[in-house]
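Inspection log for the structure reproduced underneath, given as structure tokens.
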Amino acid sequence: MTIPQHIAIIMDGNGRWAKAKGMPRNYGHAQGSKTVERICEDAYRMGIKYLTVYAFSTENWSRPKDEVEALMKLLRGYMKTCLKTAEKNDMKIRVIGDISRLDEDIRNRIQELEEATKNNGGLNFQIAINYGSRDELVRSVRRLAADVQDRKLFPNEIDEACVESYLDTYGIPDPELLIRTSGEQRLSNYLLWQLAYTEFYFTDVLWPDFTKEELVKAIEYFNSRDRRFGGVKEEQNV
Ligand code: IPE
Ligand code: IPE
Ligand code: MG
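The sequence shown begins at 0 in numbering that gives the first Met the number 0 and counts up by one.
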């Protein structure tokens, strides 16, 4: 079976999972964060080189205040455990998104985590926090325009590789496979540029219930597609 080198995931359905159990939504988020840890380990063992997960979107700020607070609290805790998981899975962490809107202590933890894991060579793990693809493009265009204004760059030099170098994901190959859980079939402002040639896999499984078996199903689906675009596949064993 061919293992895609980069898998992107929209982790959806935490709220519905909790509701089905008669529990508050935040319980679903807590379980969802445990699923992230398991999947990182599975991805690492399967030889996946890049995993990018959507943890908090630019639109998620419009959720009720207590839910946003609970999600931020979970992120704080997650950053702590992530340091340990990173060691185990030889993980290099990179946060994508506009972190300037996050509390200072979370920003510091992100910086520590990225610094502490920068030389790890196992799994490249990208976490999208306060990420929105349109916001990423706006931020990129602003920096690009400033470089043109400063005469560091000339309009006729701007090509795809140049635009890419301004994105949060610079240097990371495009995902070959996108997984969205919970039955929703939309992109919700996720990696619009990067997913241009990606295969999409949708499953009704809610994120807290997502397992290695589900990940394997998604990869099997990927293998059943006739891919003519989107980079070279690497042969690896599961
Ligand atoms: C995904 O689960 C997690 C985040 C968006 C943070 P949801 O919270 O969107 O769960 P549903 O879609 O309401 O079930
Ligand atoms: C997308 O899920 C964002 C994350 C998974 C973090 P949502 O559940 O927030 O997406 P919409 O708003 O339903 O499209
Ligand atoms: Mg949702």
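Built from N, CA and C at the ideal position, the CB exists for glycine as well.
Pull up the CB-CB distance for residue i and residue j, whole angstroms please, since I reckon it's below 8 Å.
| i | j | result |
| --- | --- | --- |
| Tyr196 | Leu177 | Contact doesn't hold; Cβ gap of about 11 Å is too wide. |
| Ser239 | Leu205 | Any question about residue 239 goes unanswered here, given that the chain covers just 0 to 237. |
| Gly96 | Ala127 | 5 Å |
| Leu101 | Leu82 | Contact flag wrong, Cβ pair sits at about 18 Å. |
| Glu213 | Thr202 | 6 Å |
Excluding the 5 residues preceding and the 5 following residue i in the sequence, name in chain order all residues of the same chain whose CB lies nearer than 8 Å to its CB.
| i | result |
| --- | --- |
| Pro23 | Ala17 |
| Met10 | Gly31, Thr34, Val35, Val52, Tyr53, Ala54, Thr180, Trp206 and Phe209 |
| Thr80 | Glu36 |
| Ile47 | Ile2, Pro3, Gln4, His5, Ile6 and Leu122 |
| Ile8 | Ile38, Leu50, Thr51, Val52, Tyr53, Leu177, Ile178, Arg179 and Thr180 |
| Leu191 | Ser132, Arg133 and Leu136 |
Which first and last residues belong to the beta strand (DSSP E) in which residue i is found?
| i | result |
| --- | --- |
| Ser132 | Element bounds for Ser132: not the beta strand (DSSP E) but the alpha helix (DSSP H), Ser132 to Gln148. |
| Ile171 | Segment: none, Ile171 is in no beta strand (DSSP E) and carries neither H nor E. |
| Tyr200 | Glu198 to Phe201 |
Put residue i into one of helix, strand or coil per three-state DSSP.
| i | result |
| --- | --- |
| Gln4 | coil |
| Phe55 | strand |
| Ala127 | strand |
| Val231 | Unreliable positioning characterises Val231 in this predicted model, as indicated by a pLDDT of 49, which lies under 50. A coordinate reading is not provided. |
| Leu50 | strand |
| Glu36 | helix |
| Lys211 | helix |
| Arg224 | coil |
| Lys91 | strand |
| Arg185 | coil |
On the DSSP letters alone, give me the boundaries of the alpha helix (DSSP H) that residue i sits inside.
| i | result |
| --- | --- |
| Glu66 | Lys64 to Lys87 |
| Val162 | Glu159 to Glu163 |
| Ala115 | Glu103 to Thr116 |
| Arg15 | Asn13 to Ala19 |
Leaving out the 5 sequence neighbours to the left and right, which residues in its chain are closer than 6 Å to residue i when beta-carbon positions are compared?
| i | result |
| --- | --- |
| Asn119 | Asp89, Met90 and Lys91 |
| Pro172 | His5 |
| Arg226 | none |
| Tyr43 | Asn88, Gly121 and Leu122 |
| Gln125 | Thr51, Arg93 and Ile95 |
| Val237 | At Val237 the pLDDT is 48, less than 50, meaning the model places this residue with poor confidence; the figure from the coordinates comes in the next sentence. Taken in chain order, the residues that qualify are Met0 and Met45. |
Suppose the cutoff is 7 Å on Cβ atoms and the five residues either side in sequence are ignored; what does the same chain contact list for residue i look like?
| i | result |
| --- | --- |
| Gln193 | Thr168, Asp173 and Pro174 |
| Trp60 | Val67 |
| Lys239 | For residue 239 there is no data in the structure shown, the boundaries of the chain being 0 and 237. |
Output the residues surrounding ligand 3, defined as those with a CB atom closer than 7 Å to any ligand heavy atom, in chain order. Asp11, Gly12, Gly14, Ser181 and Glu183
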